[in-house]
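Read the structure below first, then the notes.
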(Lines of atoms letter the chains of each structure in order from A and count residues from 1; the text may use other names and numbers.)
(Lines give C-alpha, C1' and ligand atoms only; values in the text may rest on other atoms or scores of the structure.)
Protein backbone atom coordinates (compact mmCIF):
# COMPACT_ATOMS: atom_id res chain seq x y z
CA UNK A 1 0.00 0.00 0.00
CA UNK A 2 2.79 2.43 0.85
CA UNK A 3 4.45 1.75 -2.48
CA UNK A 4 1.24 2.60 -4.34
CA UNK A 5 0.96 5.84 -2.41
CA UNK A 6 4.47 6.86 -3.44
CA UNK A 7 3.83 5.87 -7.07
CA UNK A 8 0.74 8.04 -7.18
CA UNK A 9 2.58 11.06 -5.79
CA UNK A 10 5.56 10.51 -8.12
CA UNK A 11 3.22 10.45 -11.13
CA UNK A 12 1.71 13.72 -9.96
CA UNK A 13 5.07 15.31 -9.20
CA UNK A 14 7.19 15.01 -12.33
CA UNK A 15 10.16 16.66 -10.61
CA UNK A 16 10.98 13.60 -8.54
CA UNK A 17 14.58 12.46 -9.21
CA UNK A 18 15.51 8.83 -8.74
CA UNK A 19 18.69 7.70 -7.05
CA UNK A 20 21.80 7.05 -9.13
CA UNK A 21 21.03 4.52 -11.92
CA UNK A 22 17.63 3.63 -10.44
CA UNK A 23 15.37 5.46 -12.86
CA UNK A 24 15.36 2.76 -15.54
CA UNK A 25 14.18 0.13 -13.05
CA UNK A 26 11.97 2.56 -11.03
CA UNK A 27 13.52 1.53 -7.72
CA UNK A 28 13.07 3.93 -4.82
CA UNK A 29 11.85 1.73 -1.95
CA UNK A 30 12.99 -1.45 -0.17
CA UNK A 31 10.88 -3.10 2.54
CA UNK A 32 11.55 -5.80 5.09
CA UNK A 33 8.90 -6.49 7.76
CA UNK A 34 8.23 -3.07 9.32
CA UNK A 35 11.49 -1.51 8.08
CA UNK A 36 11.50 0.76 5.03
CA UNK A 37 14.43 2.18 3.07
CA UNK A 38 13.66 5.10 0.73
CA UNK A 39 16.30 6.55 -1.58
CA UNK A 40 16.41 9.30 -4.20
CA UNK A 41 18.56 12.17 -5.34
CA UNK A 42 19.23 14.73 -2.63
CA UNK A 43 16.73 17.26 -3.97
CA UNK A 44 14.04 19.15 -2.09
CA UNK A 45 11.30 18.07 -4.52
CA UNK A 46 12.27 14.41 -4.19
CA UNK A 47 12.39 14.49 -0.39
CA UNK A 48 9.04 16.28 -0.32
CA UNK A 49 7.53 13.36 -2.23
CA UNK A 50 8.67 11.01 0.54
CA UNK A 51 7.34 13.37 3.20
CA UNK A 52 3.93 13.66 1.54
CA UNK A 53 3.77 9.91 0.94
CA UNK A 54 4.56 9.06 4.55
CA UNK A 55 2.00 11.56 5.81
CA UNK A 56 -0.70 10.27 3.48
CA UNK A 57 0.06 6.66 4.36
CA UNK A 58 -0.10 7.54 8.05
CA UNK A 59 -3.51 9.18 7.61
CA UNK A 60 -4.91 6.12 5.83
CA UNK A 61 -3.38 3.36 7.96
CA UNK A 62 -2.83 5.02 11.32
CA UNK A 63 0.87 4.02 11.26
CA UNK A 64 3.20 6.90 11.93
CA UNK A 65 6.93 7.28 11.28
CA UNK A 66 9.08 6.80 14.38
CA UNK A 67 11.38 9.81 14.25
CA UNK A 68 13.62 8.31 16.95
CA UNK A 69 14.44 5.30 14.77
CA UNK A 70 14.44 7.05 11.40
CA UNK A 71 17.62 8.41 9.83
CA UNK A 72 18.46 10.57 6.85
CA UNK A 73 21.74 9.66 5.16
CA UNK A 74 23.20 12.19 2.74
CA UNK A 75 26.17 12.06 0.41
CA UNK A 76 29.04 14.49 0.73
CA UNK A 77 27.74 16.54 -2.20
CA UNK A 78 24.41 17.18 -0.43
CA UNK A 79 25.76 18.52 2.86
CA UNK A 80 24.75 22.07 1.89
CA UNK A 81 21.05 21.26 2.12
CA UNK A 82 21.33 18.96 5.14
CA UNK A 83 19.55 21.22 7.64
CA UNK A 84 16.66 21.92 5.28
CA UNK A 85 16.06 18.23 4.55
CA UNK A 86 16.38 17.19 8.19
CA UNK A 87 13.85 19.83 9.19
CA UNK A 88 11.44 18.75 6.47
CA UNK A 89 11.49 15.07 7.44
CA UNK A 90 11.95 15.68 11.18
CA UNK A 91 14.57 12.93 11.32
CA UNK A 92 18.06 12.64 12.75
CA UNK A 93 21.12 12.41 10.57
CA UNK A 94 22.63 8.98 9.96
CA UNK A 95 26.05 7.92 8.75
CA UNK A 96 27.25 4.95 6.74
CA UNK A 97 28.03 2.26 7.62
CA UNK A 98 24.80 1.62 9.52
CA UNK A 99 23.62 -1.67 10.99
CA UNK A 100 20.59 -3.21 9.27
CA UNK A 101 19.39 -6.81 9.70
CA UNK A 102 22.61 -7.58 11.53
CA UNK A 103 24.82 -6.37 8.67
CA UNK A 104 26.47 -3.10 7.71
CA UNK A 105 24.95 -0.88 5.05
CA UNK A 106 27.94 0.25 3.05
CA UNK A 107 28.62 1.78 -0.35
CA UNK A 108 32.08 0.24 -0.80
CA UNK A 109 33.96 -2.90 0.15
CA UNK A 110 33.46 -4.32 3.64
CA UNK A 111 36.26 -2.97 5.90
CA UNK A 112 37.85 -4.95 8.70
CA UNK A 113 36.29 -2.97 11.60
CA UNK A 114 32.78 -3.70 10.28
CA UNK A 115 33.51 -7.44 10.48
CA UNK A 116 34.26 -7.31 14.21
CA UNK A 117 30.68 -8.33 15.16
CA UNK A 118 31.16 -11.56 13.21
CA UNK A 119 34.58 -12.25 14.74
CA UNK A 120 33.31 -11.43 18.24
CA UNK A 121 30.33 -13.74 17.78
CA UNK A 122 32.63 -16.63 16.85
CA UNK A 123 34.88 -15.91 19.81
CA UNK A 124 31.94 -15.80 22.23
CA UNK A 125 30.64 -19.15 21.00
CA UNK A 126 34.10 -20.68 21.34
CA UNK A 127 34.42 -19.27 24.88
CA UNK A 128 31.23 -21.09 25.83
CA UNK A 129 32.76 -24.45 24.93
CA UNK A 130 36.28 -23.93 26.26
CA UNK A 131 35.24 -25.01 29.75
CA UNK A 132 34.01 -28.38 28.48
CA UNK A 133 36.28 -31.40 28.17
CA UNK A 134 35.76 -31.88 24.44
CA UNK A 135 37.71 -34.44 22.47
CA UNK A 136 39.29 -33.71 19.11
CA UNK A 137 36.36 -35.40 17.36
CA UNK A 138 33.91 -33.28 19.37
CA UNK A 139 35.66 -30.06 18.40
CA UNK A 140 35.62 -31.12 14.74
CA UNK A 141 31.85 -31.58 14.89
CA UNK A 142 31.35 -28.19 16.56
CA UNK A 143 33.47 -26.45 13.92
CA UNK A 144 31.78 -28.28 11.06
CA UNK A 145 28.15 -27.77 12.07
CA UNK A 146 28.14 -24.67 14.30
CA UNK A 147 31.14 -22.34 14.04
CA UNK A 148 31.59 -22.57 10.27
CA UNK A 149 27.89 -21.80 9.78
CA UNK A 150 28.09 -18.50 11.66
CA UNK A 151 29.74 -16.83 8.67
CA UNK A 152 27.28 -18.14 6.03
CA UNK A 153 24.93 -15.17 6.39
CA UNK A 154 27.81 -12.73 5.88
CA UNK A 155 29.32 -14.81 3.07
CA UNK A 156 26.03 -14.80 1.17
CA UNK A 157 25.84 -11.00 1.33
CA UNK A 158 29.40 -9.64 1.11
CA UNK A 159 32.61 -10.48 -0.65
CA UNK A 160 34.78 -11.07 2.41
CA UNK A 161 38.31 -9.77 2.42
CA UNK A 162 41.09 -12.34 2.57
CA UNK A 163 42.21 -10.91 5.90
CA UNK A 164 38.73 -11.45 7.37
CA UNK A 165 38.69 -15.05 6.16
CA UNK A 166 42.14 -15.60 7.66
CA UNK A 167 40.98 -14.18 11.02
CA UNK A 168 37.99 -16.54 11.06
CA UNK A 169 40.09 -19.58 10.19
CA UNK A 170 42.72 -18.54 12.75
CA UNK A 171 40.12 -18.76 15.53
CA UNK A 172 38.80 -22.07 14.27
CA UNK A 173 42.30 -23.55 14.05
CA UNK A 174 43.13 -22.42 17.55
CA UNK A 175 39.98 -24.01 18.95
CA UNK A 176 40.56 -27.24 17.02
CA UNK A 177 44.15 -27.87 18.04
CA UNK A 178 44.40 -26.21 21.46
CA UNK A 179 40.94 -26.79 22.88
CA UNK A 180 41.06 -25.82 26.55
CA UNK A 181 44.85 -25.79 26.63
CA UNK A 182 46.85 -22.60 26.36
CA UNK A 183 49.44 -24.14 24.04
CA UNK A 184 49.40 -26.33 21.01
CA UNK A 185 50.28 -26.39 17.34
CA UNK A 186 48.60 -27.25 14.08
CA UNK A 187 49.49 -30.80 13.12
CA UNK A 188 47.84 -30.63 9.68
CA UNK A 189 47.41 -27.72 7.29
CA UNK A 190 43.93 -26.17 7.38
CA UNK A 191 43.37 -26.64 3.63
CA UNK A 192 43.96 -30.37 4.09
CA UNK A 193 41.32 -30.53 6.82
CA UNK A 194 38.82 -28.85 4.49
CA UNK A 195 39.07 -31.71 1.99
CA UNK A 196 36.36 -34.43 1.97
CA UNK A 197 36.94 -37.46 4.16
CA UNK A 198 37.45 -39.74 1.18
CA UNK A 199 40.39 -37.48 0.21
CA UNK A 200 42.00 -37.58 3.64
CA UNK A 201 40.40 -34.47 5.16
CA UNK A 202 37.76 -33.86 7.83
CA UNK A 203 35.15 -32.27 5.56
CA UNK A 204 35.40 -28.84 7.20
CA UNK A 205 34.05 -25.82 5.35
CA UNK A 206 36.58 -23.63 3.60
CA UNK A 207 35.29 -20.10 4.29
CA UNK A 208 36.87 -18.65 1.16
CA UNK A 209 35.40 -21.34 -1.09
CA UNK A 210 31.95 -20.97 0.50
CA UNK A 211 32.07 -17.20 0.01
CA UNK A 212 33.12 -17.62 -3.62
CA UNK A 213 30.37 -20.18 -4.27
CA UNK A 214 27.67 -17.96 -2.77
CA UNK A 215 28.85 -15.00 -4.84
CA UNK A 216 28.80 -17.23 -7.95
CA UNK A 217 25.16 -17.93 -7.14
CA UNK A 218 24.47 -14.20 -7.43
CA UNK A 219 26.29 -14.22 -10.76
CA UNK A 220 24.13 -17.15 -11.88
CA UNK A 221 21.02 -15.10 -11.14
CA UNK A 222 22.37 -12.40 -13.45
CA UNK A 223 23.14 -14.95 -16.18
CA UNK A 224 19.66 -16.50 -15.89
CA UNK A 225 18.25 -12.97 -16.01
CA UNK A 226 16.04 -13.53 -12.99
CA UNK A 227 14.03 -10.32 -13.27
CA UNK A 228 12.04 -11.17 -10.12
CA UNK A 229 15.14 -10.11 -8.15
CA UNK A 230 15.47 -6.36 -7.58
CA UNK A 231 19.26 -6.58 -7.51
CA UNK A 232 19.36 -8.49 -10.81
CA UNK A 233 16.98 -6.02 -12.42
CA UNK A 234 19.14 -3.12 -11.23
CA UNK A 235 22.32 -4.74 -12.55
CA UNK A 236 20.78 -5.33 -15.97
CA UNK A 237 19.45 -1.79 -16.19
CA UNK A 238 22.31 0.05 -14.52
CA UNK A 239 25.41 -2.02 -15.30
CA UNK A 240 24.92 -4.41 -18.18
CA UNK A 241 22.38 -2.55 -20.30
CA UNK A 242 22.98 -3.99 -23.79
CA UNK A 243 26.22 -5.78 -22.86
CA UNK A 244 26.72 -9.46 -22.11
CA UNK A 245 27.79 -10.62 -18.68
CA UNK A 246 30.56 -12.62 -20.40
CA UNK A 247 32.09 -9.72 -22.34
CA UNK A 248 31.62 -6.66 -20.14
CA UNK A 249 34.87 -5.15 -18.88
CA UNK A 250 35.92 -5.93 -15.33
CA UNK A 251 37.91 -2.71 -14.97
CA UNK A 252 34.90 -0.41 -14.55
CA UNK A 253 32.49 -0.09 -11.66
CA UNK A 254 32.71 -0.45 -7.90
CA UNK A 255 35.07 -2.75 -6.02
CA UNK A 256 32.30 -5.28 -5.35
CA UNK A 257 31.21 -5.32 -9.00
CA UNK A 258 34.76 -5.91 -10.21
CA UNK A 259 35.21 -8.80 -7.77
CA UNK A 260 31.90 -10.30 -8.86
CA UNK A 261 32.77 -10.07 -12.55
CA UNK A 262 36.13 -11.76 -11.96
CA UNK A 263 34.27 -14.85 -10.74
CA UNK A 264 33.34 -15.54 -14.37
CA UNK A 265 36.55 -17.51 -14.72
CA UNK A 266 35.34 -19.91 -12.00
CA UNK A 267 31.82 -20.13 -13.37
CA UNK A 268 32.41 -20.34 -17.12
CA UNK A 269 33.47 -24.05 -17.22
CA UNK A 270 30.26 -25.01 -15.39
CA UNK A 271 27.84 -23.11 -17.64
CA UNK A 272 26.24 -24.94 -20.56
CA UNK A 273 23.54 -23.37 -22.70
CA UNK A 274 20.86 -25.84 -23.73
CA UNK A 275 19.60 -24.62 -27.10
CA UNK A 276 16.12 -25.85 -27.92
CA UNK A 277 14.14 -28.88 -26.88
CA UNK A 278 13.64 -30.31 -30.38
CA UNK A 279 15.99 -31.20 -33.21
CA UNK A 280 16.31 -27.59 -34.30
CA UNK A 281 15.89 -24.13 -32.81
CA UNK A 282 15.14 -20.82 -34.45
CA UNK A 283 16.69 -17.56 -33.35
CA UNK A 284 14.68 -14.83 -35.06
CA UNK A 285 16.77 -12.22 -36.78
CA UNK A 286 16.33 -8.61 -37.81
CA UNK A 287 17.77 -7.35 -41.09
CA UNK A 288 18.52 -3.64 -41.09
CA UNK A 289 20.13 -2.02 -44.14
CA UNK A 290 21.63 -5.33 -45.21
CA UNK A 291 23.36 -5.89 -41.86
CA UNK A 292 22.76 -8.83 -39.51
CA UNK A 293 21.53 -7.79 -36.09
CA UNK A 294 20.68 -9.93 -33.12
CA UNK A 295 17.21 -9.25 -31.67
CA UNK A 296 17.03 -7.36 -28.42
CA UNK A 297 14.09 -9.46 -27.15
CA UNK A 298 16.22 -12.53 -26.51
CA UNK A 299 18.62 -13.15 -23.66
CA UNK A 300 21.07 -14.92 -26.00
CA UNK A 301 23.85 -12.63 -27.11
CA UNK A 302 25.75 -13.04 -30.35
CA UNK A 303 29.04 -14.00 -28.73
CA UNK A 304 27.36 -16.49 -26.40
CA UNK A 305 25.70 -18.27 -29.33
CA UNK A 306 28.98 -18.45 -31.26
CA UNK A 307 30.71 -19.89 -28.19
CA UNK A 308 28.11 -22.63 -27.85
CA UNK A 309 27.93 -23.71 -31.51
CA UNK A 310 31.33 -25.45 -31.71
CA UNK A 311 30.56 -27.72 -28.75
CA UNK A 312 27.34 -29.08 -30.26
CA UNK A 313 28.25 -32.46 -31.71
CA UNK A 314 27.55 -32.64 -35.41
CA UNK A 315 25.80 -29.26 -35.36
CA UNK A 316 25.49 -26.70 -38.11
CA UNK A 317 23.98 -23.24 -38.49
CA UNK A 318 22.52 -21.53 -41.52
CA UNK A 319 20.42 -18.50 -42.35
CA UNK A 320 17.26 -19.21 -44.37
CA UNK A 321 16.35 -15.58 -45.10
CA UNK A 322 14.22 -15.04 -42.03
CA UNK A 323 15.90 -16.75 -39.11
CA UNK A 324 19.08 -18.43 -37.99
CA UNK A 325 18.45 -22.18 -37.89
CA UNK A 326 20.68 -24.30 -35.66
CA UNK A 327 20.42 -28.04 -36.26
CA UNK A 328 22.26 -30.81 -34.43
CA UNK A 329 22.11 -34.59 -34.48
CA UNK A 330 21.87 -35.27 -30.78
CA UNK A 331 21.10 -33.37 -27.62
CA UNK A 332 23.95 -32.16 -25.46
CA UNK A 333 23.27 -33.14 -21.81
CA UNK A 334 22.60 -30.37 -19.30
CA UNK A 335 24.68 -29.99 -16.14
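In UniProt numbering, the protein residues as written are 1 to 335. Quick reminder that beta carbons are idealized off the backbone N, C-alpha and C, glycines included. Predicted, not measured: the structure shown is a model, and the values here were computed from it.
Asked: Whether residue 89 touches residue 47 by CB criterion (9 Å); Found: yes
Asked: Residue 260 and residue 214 closer than 9 Å at C-beta; Found: no
Asked: Supposed close pair residue 194, residue 205 - CB separation, criterion 8 Å; Found: 7 Å
Asked: Option nearest residue 336 by Cα separation, candidates 86, 34, 132 and 76; Found: Residue 336 lies beyond the residue range present for the chain, which begins at 1 and ends at 335; the question has no answer from this structure.
Asked: For residue 36, the first and last residue of its enclosing beta strand (DSSP E); Found: 35 to 38
Asked: Where residue 41 sits in the DSSP three-state scheme; Found: coil
Asked: When 45, 150 and 41 are compared against residue 13, the one with the closest alpha-carbon; Found: 45
Asked: 4-residue-minimum alpha helix (DSSP H) runs that sit fully inside the stretch 103 to 171, ordered along the chain; Found: 116 to 129, 136 to 142 and 152 to 155
Asked: 9 Å Cβ cutoff met for residue 92 and residue 72; Found: yes
Asked: Under the three-state DSSP convention, the category residue 257 falls into; Found: helix
Asked: Contact between the stretch 138 to 150 and the stretch 93 to 110 (3+ Cβ pairs under 8 Å); Found: no
Asked: Assigned exposure category for residue 336 - 16 Cβ within 10 Å defines buried; Found: There is simply no residue 336 to check, as the chain begins at 1 and stops at 335 in what is shown.
Asked: Local conformation of residue 71 per DSSP, three classes; Found: strand
Asked: Close beta carbons around residue 266, own chain, < 8 Å, minus the five adjacent residues each side; Found: 212 and 216
Asked: Through-space distance from residue 28 to residue 74, alpha-carbon basis; Found: 15 Å
Asked: Element boundaries [beta strand (DSSP E), containing residue 96]; Found: Note, residue 96: premise wrong, no beta strand (DSSP E); not H, not E.
Asked: Chain-order list of residues whose beta-carbon lies under 6 Å from that of residue 126 (same chain, five-residue window excluded); Found: 175
Asked: CA nearest to the CA of residue 158, picked from 108, 52, 170 and 122; Found: 108
Asked: Residue 41 vs residue 6 beta-carbon contact at 9 Å; Found: no
Asked: For residue 161 and residue 120, the rounded distance between their alpha carbons; Found: 17 Å
Asked: Contacts around residue 86, its chain only, beta-carbon distance under 7 Å, and the 5 residues preceding and following it disregarded; Found: 72 and 93
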